[in-house]
Amino acid sequence: MKQQAIIGMDIGTTSTKAVAFDSAGNVLFQAAVEYPIISTQPSYAEQDPEVVLQAVLDAFRTVVRRMRDAGLAPEGVCFSSAMHSLIAVDAKGQALTNCIIWADTRSIAETAGLKESAAGFDIYLHTGTPLHPMSPLPKLCWLREHEPDVFHSASKFIGIKEYVFFMLFGEYKVDYSIASATGLFNIFSFEWHQEALEVAGITAERLSEPVPPTYVFRNMLPAYATLLGIPASLPFVIGASDGCLANLGSNAVRTGGAVVTIGTSGAIRVMAKKPATDKKERIFSYILTEQHFVLGGAVNNGGVVLRWCRDNFYTLEAAAARLKHTDPYDLLNEKAAAVPAGSDGLVFLPYLLGERAPIWDPLARACFFGVHYNHTREHFLRAMMEGVIFGMYSVGLALEQTVGPVEVIYANGGFSRSSLWVQMLADVFNKKVHLTDTVEGSAFGAAIMGMYALGHIPSLEDAADMIQVKQTFVPDPQLHTRYMQNYAQFEALYPVLKDDFRNAGQ
């Protein structure tokens, strides 16, 4: 008998990854296929759903082939997917639009109208999704206003994971987790929210059927089963959203644990036993399972801030580092470390790409405050890194005010390769930060969900045994005090500048 394994599939913003894990959570094989973001106008961010589908097939087929060569066979597959995507499809399931992804901001006007209405606030309280152009709700309002022919002729409005599963199995299903990030789903009753549907101008029949994340597809269309080289009966677990599964894959399943992820963007999330919404509308409340809810906030400006700094202010040094086959970011970390914590009073608002949590303002802009003659280029560099962490901290405070204290943080994403940045996180939050040996958080979370759905583990909490802490960063109370002086200024800046940002965007 061949050894069995679970494949975690992660449909991300720029690539799809397929990762095969054994029963102990070890990575066996992995493959990734990239695809472009299509931006025909400044506020547009789309993908070709057929290109994404092909990437899913190619990544999956590559891993299955490598497994077969090693004498292994997949016992099941489970999916993670990016949230907030929207595709209009006809009666045959053919796409009438590209996939409009989370980064698309064309519905700013529709979002503003909703935020100013009593209906908008009530929808947030029931759906847990903050009102922002990322959300499918204002995207649908935009389509109805600007593309009425497409809007009215569409048979269904679905996300990218639903598109993939419809192509493979001919069924329209959406997991509770992805549904809970649409702004259209009631996170308390687990059904489409009637008031949100009325605002969008659609009925529940034009959306997929909501199902638990443990829902299993078992009858793949024969042509795809043949193409992939698998039995049509191989169980495909629908899974959940990437953010929720990243918490699961990072050991933050129990109350009191938070996950901070900083890649290009960033997020901080905690797990709760019931949904909760914030009267100030600062955080999201998404579903993982009927007993597990993920609350938190995503920021637009994570590692992209450091990349912007590298590309605009350290171009010569970065080029020299590459010639020496060294990582330019190592150089940036070294230079930033030479500046004292707090950057000698220099404060940076990191809103290069507008912002999501906690202000949910796509028109927000970045700026420096407190510039002094004695500040050097390295002060600006360190202030940028600190500004990113301050943004995460402001979301963390909103979370603690809503669901209770965070006791420990698990960190992952590209920033976790920088000891300076992770230590900064520990010092600003004044909490221990653990790095785990998990390399593919969302894909691993999908694999864990697959194991649970197929009965390999009795509960999601049992997956903790598969995750080991490899390093712990302990906060420095004195540095925390110094950072809080800058953070007070950070918090005061946005309310003062908000109207100026809005005027600058016109």
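The sequence shown begins at 507 in this note's numbering and counts up by one. Glycine included, each C-beta is placed from N, C-alpha and C at the ideal position.
#1: Span of the alpha helix (DSSP H) holding residue 902?
#2: In or out: residue 617 buried (at least 16 other Cβ within 10 Å) or exposed?
#3: What would DSSP say about residue 918, mapped onto helix, strand or coil?
#4: Helix or strand or just coil, what does DSSP make of residue 757?
#5: If distances are taken between C-alpha atoms only, which option among 579, 542 and 976 comes closest to residue 606?
#6: Would you tell me roughly how many angstroms separate the C-alpha atoms of residue 802 and residue 791, rounded to the nearest one?
#7: Return helix, strand or coil for residue 790, following the three-state DSSP convention.
#8: Quick one: give me the first and last residue of the alpha helix (DSSP H) that residue 997 is part of.
#9: Looking at the structure shown, is residue 507 part of a helix, part of a strand, or coil, going by DSSP?
#10: Short check: CB of residue 570 to CB of residue 735, under 7 Å?
#11: Going by alpha carbons, who is nearest to residue 733 out of 714, 924 and 564?
#12: Note the first and the last residue of the continuous alpha helix (DSSP H) segment covering residue 809.
#13: Say whether the stretch 976-988 touches the stretch 931-938, bearing in mind that this needs 3 or more beta-carbon pairs closer than 8 Å, one atom from each stretch.
#14: Under the rule that 16 or more other beta-carbon atoms within 10 Å means buried, what is residue 829, buried or exposed?
#15: Curious, which full-length alpha helix (DSSP H) runs of at least 4 residues does the stretch 920-979 contain?
#16: Smallest Cα separation from residue 577: which of 956, 544, 534 and 554?
#17: Smallest Cα separation from residue 890: which of 957, 965 and 809?
#18: If I follow the unbroken beta strand (DSSP E) through residue 534, where does it start and stop?
#19: With DSSP as the reference, label residue 626 as helix, strand or coil.
#20: If I measure Cβ to Cβ from residue 895 and keep anything under 7 Å in the same chain, skipping five residues before and after, which residues do I get?
#21: Between which two residues does the beta strand (DSSP E) holding residue 850 run?
#22: Just to confirm my understanding: we take residue 1002, look at its own chain, exclude 5 residues before and 5 after, and list those with CB closer than 7 Å. What are they?
#23: Using only the alpha-carbon positions, how far apart do residue 786 and residue 674 sit?
#24: Using DSSP with H/G/I as helix, E/B as strand and the rest coil, what is residue 862?
#25: How would you write the range of the beta strand (DSSP E) that residue 681 sits in, first residue to last?
#26: The ligand ZN and residue 776: does any heavy atom of the ligand fall closer than 6 Å to the residue's C-beta?
#27: How many whole angstroms separate the CB atoms of residue 634 and residue 686, which I take to be in contact at a CB cut-off of 8 Å?
#28: Given a threshold of 16 other Cβ atoms within 10 Å of its Cβ, counted over all protein chains shown, does residue 855 qualify as buried or as exposed?
The structure says:
#1: Segment 883-909, the alpha helix (DSSP H) holding residue 902.
#2: Residue 617 is buried by the Cβ-count criterion.
#3: Residue state, collapsed to three classes: strand.
#4: The three-state reading of DSSP puts residue 757 in coil, since its state is none of H, G, I, E or B.
#5: Here the closest residue by C-alpha is 542.
#6: Each residue's Cα considered, the two are about 7 Å apart.
#7: Correct three-state label for residue 790: strand.
#8: For residue 997, the enclosing alpha helix (DSSP H) covers residues 983-1010.
#9: Confidence in residue 507 is poor, its pLDDT being 43 and thus under 50, which makes the residue's placement unreliable; the coordinate value appears in the next sentence. Residue 507 falls in the coil class under three-state DSSP.
#10: Yes. Within cutoff.
#11: Cα-wise, what sits closest to residue 733 is 564.
#12: 809-819 is the extent of the alpha helix (DSSP H) around residue 809.
#13: Yes: the two stretches touch, three or more of their Cβ pairs being nearer than 8 Å.
#14: Per the 10 Å Cβ criterion, exposed.
#15: Taking 4 residues as the minimum length, the alpha helix (DSSP H) runs contained wholly in the stretch 920-979 are 925-935 and 947-959, in order along the chain.
#16: Ranking the options by Cα distance to residue 577, first place goes to 534.
#17: The shortest CA-to-CA distance from residue 890 to any of 957, 965 and 809 is the one to 809.
#18: In the DSSP assignment, residue 534 falls within the beta strand (DSSP E) that extends over 533-540.
#19: DSSP, reduced to helix, strand and coil, places residue 626 within a helical segment of the structure shown.
#20: Counting only residues of its own chain and dropping the five nearest sequence neighbours on each side, residue 895 has a CB closer than 7 Å to the CB of 930, 931 and 934.
#21: Note, residue 850: premise wrong, no beta strand (DSSP E); not H, not E.
#22: The beta carbon of residue 1002 sits closer than 7 Å to no other beta carbon from its chain once the five residues preceding and following it are set aside.
#23: So the alpha carbons of these two residues sit roughly 41 Å apart.
#24: DSSP places residue 862 outside both helix and strand once states are collapsed to three, so it counts as coil.
#25: Looking at the DSSP string, the run of the beta strand (DSSP E) that includes residue 681 is 679-681.
#26: The ligand content of the structure shown is nil, which means the ligand ZN is not present either.
#27: Distance from residue 634 to residue 686 at the Cβ level is roughly 6 Å; contact confirmed, criterion being Cβ atoms closer than 8 Å.
#28: A buried status is given to residue 855, since no fewer than 16 other beta-carbon atoms sit within 10 Å of its beta-carbon.
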